[in-house]
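So in our numbering, the last spot in the sequence shown is 157, and the numbers never skip. For every residue, glycine included, the Cβ atom is placed at its ideal position computed from N, Cα and C. Just so it is clear, the structure is predicted and the values come from calculations on it, not from any experiment. Below is one structure, written out as structure tokens; comments come after it.
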Amino acid sequence: MKHVLSVRVNNSAGVLSHVTGLFTRRSYNIDSLCVGETNDPRYSVITLVIDEDEAMVQQITKQLLKLIDVIEIQNLTGEGSVKRELLLASIEIKKTERAEMLMLSRLFETTVIEMSESVIVLQMVAEPRRVTHFLDAIKGFKIIHMARTGVVALALP
Numbered sequence: 001m002k003h004v005l006s007v008r009v010n011n012s013a014g015v016l017s018h019v020t021g022l023f024t025r026r027s028y029n030i031d032s033l034c035v036g037e038t039n040d041p042r043y044s045v046i047t048l049v050i051d052e053d054e055a056m057v058q059q060i061t062k063q064l065l066k067l068i069d070v071i072e073i074q075n076l077t078g079e080g081s082v083k084r085e086l087l088l089a090s091i092e093i094k095k096t097e098r099a100e101m102l103m104l105s106r107l108f109e110t111t112v113i114e115m116s117e118s119v120i121v122l123q124m125v126a127e128p129r130r131v132t133h134f135l136d137a138i139k140g141f142k143i144i145h146m147a148r149t150g151v152v153a154l155a156l157p
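Shown next as structure tokens:
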């Protein structure tokens, strides 16, 4: 099962390397990784998505908490949190495909960033599952370039 961990750390050089190094040494895989400074510049939040069972997630959490720069860890899996991912995609479109692509864009609530006669650039911010569904829906189109940020998550009050 995929788990989303929000790891609050000191915002200093080398901290990300220590956190990811723990995963490397233990042969854990990271499915998604996002890092950003918080409203307090002394801290950053590392959002990790890992595909492990509950026992392994608890073990990883205990190991992370042993790192000196790790302040706290929240498991944001399931209810009680909001998760989003950003997708940017440059897609080749023929004149005959334009209407279908625009319809899919509206259906999935993407934003058209730029459009020429042969290329459309879309932005989508949504739950990761919805981003994946959109990518499945446009499989018949030629994706020139694509970038996904990985998951960012926040606990709900």
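| Check | Outcome |
| --- | --- |
| Sheet register partners of Tyr43 (DSSP bridge) | Asn10 |
| Spatial distance of Leu65 from His133 (CA atoms) | 35 Å |
| Between the CA atoms of Asp53 and Phe23 - distance to the nearest angstrom | 15 Å |
| Beta carbon of Arg84 nearer than 9 Å to that of Glu127 | yes |
| Proximity winner among Ile138, Thr47, Gln59, relative to Leu76 (alpha-carbon distances) | Thr47 |
| DSSP beta-bridge partners of Val82 | Leu154 |
| Span of the beta strand (DSSP E), counted from its first residue to its last, around Arg130 | First-last for Arg130: 128–137, but that is the alpha helix (DSSP H), not the beta strand (DSSP E). |
| Three-state secondary structure assigned by DSSP to Glu54 | helix |
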